[in-house]
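One structure is given here, and the rest of the page talks about it.
Protein chains: 2
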Amino acid sequence: MLPFARVTIIGLGLIGSSIARAVREYMPSVRITGHDVSAEVREAARALKLADDVTDTAGAAVTDADLVIMCVPVGAMAAVASEIAADLPGDAIVSDVGSCKASVAAALTAHLPASQVVPAHPVAGTEQSGPEAGFATLFRGRWCIVTPLTENDEVSVERVAEFWRRLGADVEQMAPDHHDLVLAVTSHLPHLIAYTIVGTADDLQQVTQSEVIKFSAGGFRDFTRIAASDPVMWRDVFLSNKDAVLDMLQRFSEDLSQLQRAIRWGDGDALYDRFARTRAIRRSIVDQGQDDAAADFGRKHD
Amino acid sequence: MLPFARVTIIGLGLIGSSIARAVREYMPSVRITGHDVSAEVREAARALKLADDVTDTAGAAVTDADLVIMCVPVGAMAAVASEIAADLPGDAIVSDVGSCKASVAAALTAHLPASQVVPAHPVAGTEQSGPEAGFATLFRGRWCIVTPLTENDEVSVERVAEFWRRLGADVEQMAPDHHDLVLAVTSHLPHLIAYTIVGTADDLQQVTQSEVIKFSAGGFRDFTRIAASDPVMWRDVFLSNKDAVLDMLQRFSEDLSQLQRAIRWGDGDALYDRFARTRAIRRSIVDQGQDDAAADFGRKHD
Chain A
1 MLPFARVTII GLGLIGSSIA RAVREYMPSV RITGHDVSAE VREAARALKL
51 ADDVTDTAGA AVTDADLVIM CVPVGAMAAV ASEIAADLPG DAIVSDVGSC
101 KASVAAALTA HLPASQVVPA HPVAGTEQSG PEAGFATLFR GRWCIVTPLT
151 ENDEVSVERV AEFWRRLGAD VEQMAPDHHD LVLAVTSHLP HLIAYTIVGT
201 ADDLQQVTQS EVIKFSAGGF RDFTRIAASD PVMWRDVFLS NKDAVLDMLQ
251 RFSEDLSQLQ RAIRWGDGDA LYDRFARTRA IRRSIVDQGQ DDAAADFGRK
301 HD
Chain B
1 MLPFARVTII GLGLIGSSIA RAVREYMPSV RITGHDVSAE VREAARALKL
51 ADDVTDTAGA AVTDADLVIM CVPVGAMAAV ASEIAADLPG DAIVSDVGSC
101 KASVAAALTA HLPASQVVPA HPVAGTEQSG PEAGFATLFR GRWCIVTPLT
151 ENDEVSVERV AEFWRRLGAD VEQMAPDHHD LVLAVTSHLP HLIAYTIVGT
201 ADDLQQVTQS EVIKFSAGGF RDFTRIAASD PVMWRDVFLS NKDAVLDMLQ
251 RFSEDLSQLQ RAIRWGDGDA LYDRFARTRA IRRSIVDQGQ DDAAADFGRK
301 HD
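For the protein sequence lines, the chains are A and B, in the order given.
Numbering-wise (the UniProt record's numbering), the first sequence opens with residue 1 and increments by one.
Numbering-wise (the UniProt record's numbering), the second sequence opens with residue 1 and increments by one.
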């Protein structure tokens, strides 16, 4: 039996449009309703036939939903929750895909009954944005973290978990605060650092931008991918998960200072010890199917 | 006409073995001699038929070469140069593939006539190491930077450039010091930061290593690839290009502090402005063929 029969997706960017495509592919009998705040995105969504119905307001999108998934930047969650509050059926579940869970839980429950709010975060994405960028297999083999509230009943949580399993994800449950700490290190800090180094390179005067681009295959290009991610989404993540990000950033800066000192003093042993430890993590990530086993991410060389 | 007829490759790891395979593929009439300091690697090279002859000493490898390419960690260049000095034919060119050029030029010319030394650096590689990891197309569409010495004649420089063009690379000339500055930002700093963040994540106690691995698709896994690179090679790079790396690291740290402050004070506009600038660089890298146009580096999603 399908966990939900009528799914509403609010926000039809990369993630929302990927959910729509995946629902179509893996649960074809589910009725999909979509909404996006942008008229241009709504028009694209209609042209792409992402949903059975694309509504012009968020309220109209939820009136007969049994699952509503909020796929908007985390800073927009409260406003959207407020917009749908009056039209949300009393037995519908509201979930989301936000990268921070404590702040999103607070934003949604400020306007909606906590028993109906089951936050979740599929750890998947690409550097691209918009309704054209989504694809049905985005969540396959990726983890989706469900962070239930104390007000949730078990059945609601299980229905959301089953929804994600149907889209091909593995599901893990976690407390919202712990989620925010884990993602601070596996996602938020890497994005902050990537944005920083790409900006640093862009600002140099001794090295031209043309040189940075030409010789980026030395390593730099790897950072430009995640630094090409959606700026609004990431602004909101850093504002919403401030404490955990600042904590991780502090640890990173201390570790970087230690390596800086080793370079300054020519301490080759300290550098070697640090560099020799990190291959094992890469190997585990590949072994557990969380990255491509092929060299160079499987990039084509031809 | 081929630029060289008898090529000797010293060091048969990822880069050396890729050169051997590429020479075999694109200049099949060239005679290839190989040597590696490791008996195990020499044996693997013989089994893989990477060269027409694999010698047990570096000196024996160069006796009838017209091009010798040093593919050893930059910290080993001086020792190898000293080993081959007595056996090097007076008309042979010695080149290399080191990631730092000023220090390598000094190391090689300490033992060999500067007129015969034409340093070069193909900006290409993967995170893998060893003679099995190489492949013939590694240099295709990548840049090779030749950094001539004042003692070089034009013909020698052009022969080395033509050698790399035959392997599929585009060739650019640069002064050694400028090369070291450019690569500090496009390669050395990214590697240092990747090694650091992977180490930081490994040291956390509130977040388990298993969680870091499971949820690495949020961005972290991108960093683990270059942090899986050869630790000896990279130790030597940071010791050899100290000043340029420390300069870039200082700029990066200042930029990171600025973003840290914006997060602490909740300055969303400053974050947005920074994050909105970086997509353009990614686009240029893709447009210029220096990375895959497909989302997510073209990683498979199935």
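Backbone N, C-alpha and C define an ideal beta-carbon position, used for all residues, glycine too.
Taking 9 Å as the CB-CB limit, is residue i close to chain A?
{"i": "residue 75 of chain B", "result": "yes"}
{"i": "residue 245 of chain B", "result": "yes"}
{"i": "residue 221 of chain B", "result": "yes"}
{"i": "residue 16 of chain B", "result": "no"}
{"i": "residue 262 of chain B", "result": "yes"}
{"i": "residue 23 of chain B", "result": "no"}
{"i": "residue 285 of chain B", "result": "yes"}
For residue i and chain B, any beta-carbon pair shorter than 9 Å?
{"i": "residue 165 of chain A", "result": "no"}
{"i": "residue 4 of chain A", "result": "no"}
{"i": "residue 282 of chain A", "result": "yes"}
{"i": "residue 84 of chain A", "result": "no"}
{"i": "residue 288 of chain A", "result": "yes"}
{"i": "residue 231 of chain A", "result": "yes"}
{"i": "residue 97 of chain A", "result": "no"}
{"i": "residue 268 of chain A", "result": "yes"}
{"i": "residue 200 of chain A", "result": "yes"}
{"i": "residue 131 of chain A", "result": "no"}
Nearest to residue i by CA position, among the options, is which residue?
{"i": "residue 139 of chain B", "options": "B:125, B:219, B:130", "result": "B:125"}
{"i": "residue 75 of chain A", "options": "A:67, A:238, A:257", "result": "A:238"}
{"i": "residue 229 of chain A", "options": "B:283, B:32, B:257, B:4", "result": "B:283"}
{"i": "residue 83 of chain A", "options": "A:295, A:248, A:20, A:36", "result": "A:36"}
{"i": "residue 226 of chain B", "options": "B:178, B:51, B:128, B:246", "result": "B:128"}
{"i": "residue 224 of chain A", "options": "B:156, B:281, B:195, B:189", "result": "B:281"}
{"i": "residue 133 of chain A", "options": "A:18, A:269, A:251, A:260", "result": "A:18"}
{"i": "residue 97 of chain B", "options": "B:69, B:165, B:105", "result": "B:69"}
{"i": "residue 274 of chain B", "options": "A:250, A:203, A:47, A:275", "result": "A:203"}
{"i": "residue 10 of chain A", "options": "A:26, A:25, A:39", "result": "A:39"}
{"i": "residue 123 of chain A", "options": "A:135, A:117, A:144", "result": "A:144"}
Do you know offhand how far residue i's Cα is from residue j's?
{"i": "residue 72 of chain B", "j": "residue 16 of chain B", "result": "8 Å"}
{"i": "residue 44 of chain A", "j": "residue 34 of chain A", "result": "12 Å"}
{"i": "residue 6 of chain A", "j": "residue 232 of chain B", "result": "57 Å"}
{"i": "residue 146 of chain B", "j": "residue 277 of chain A", "result": "33 Å"}
{"i": "residue 173 of chain B", "j": "residue 257 of chain A", "result": "34 Å"}
{"i": "residue 301 of chain A", "j": "residue 12 of chain A", "result": "34 Å"}
{"i": "residue 66 of chain A", "j": "residue 94 of chain A", "result": "8 Å"}
{"i": "residue 299 of chain A", "j": "residue 292 of chain B", "result": "7 Å"}
{"i": "residue 191 of chain A", "j": "residue 23 of chain A", "result": "29 Å"}
{"i": "residue 168 of chain B", "j": "residue 242 of chain A", "result": "47 Å"}
{"i": "residue 185 of chain A", "j": "residue 141 of chain A", "result": "20 Å"}
{"i": "residue 115 of chain B", "j": "residue 151 of chain B", "result": "5 Å"}
{"i": "residue 296 of chain A", "j": "residue 87 of chain A", "result": "49 Å"}
{"i": "residue 130 of chain B", "j": "residue 41 of chain B", "result": "8 Å"}
{"i": "residue 54 of chain B", "j": "residue 120 of chain A", "result": "58 Å"}
{"i": "residue 175 of chain B", "j": "residue 148 of chain B", "result": "7 Å"}
{"i": "residue 177 of chain B", "j": "residue 59 of chain B", "result": "30 Å"}
{"i": "residue 109 of chain A", "j": "residue 183 of chain A", "result": "22 Å"}
{"i": "residue 100 of chain B", "j": "residue 246 of chain B", "result": "14 Å"}
With a threshold of 16 other CB atoms inside 10 Å of the CB of residue i, please say whether the residue is buried or exposed.
{"i": "residue 113 of chain A", "result": "exposed"}
{"i": "residue 200 of chain A", "result": "buried"}
{"i": "residue 289 of chain B", "result": "exposed"}
{"i": "residue 79 of chain A", "result": "exposed"}
{"i": "residue 216 of chain A", "result": "buried"}
{"i": "residue 153 of chain B", "result": "exposed"}
{"i": "residue 90 of chain A", "result": "exposed"}
{"i": "residue 248 of chain A", "result": "buried"}
{"i": "residue 211 of chain A", "result": "buried"}
{"i": "residue 106 of chain A", "result": "exposed"}
Is the CB of residue i under 9 Å away from at least one CB in chain E?
{"i": "residue 19 of chain B", "result": "Absent from the structure: chain E. Protein chains present are A and B."}
* **Length at least 3, wholly inside the stretch 131-168 of chain B: the beta strand (DSSP E) runs in chain order** => 143-146
* Ignoring anything shorter than 3 residues or poking outside the stretch 80-112 of chain B, list the beta strand (DSSP E) runs there in chain order. => 93-96
* Please specify which runs of the beta strand (DSSP E), each continuous and at least 3 residues long, are wholly inside the stretch 35-65 of chain B, giving them in chain order. => 53-55
* To do: Only counting runs of 4 or more residues, tell me where the alpha helix (DSSP H) segments fall wholly within the stretch 201-279 of chain A, in order along the chain.
  => 209-214, 220-226, 231-240, 242-264, 268-277, all fully within the stretch 201-279 of chain A.
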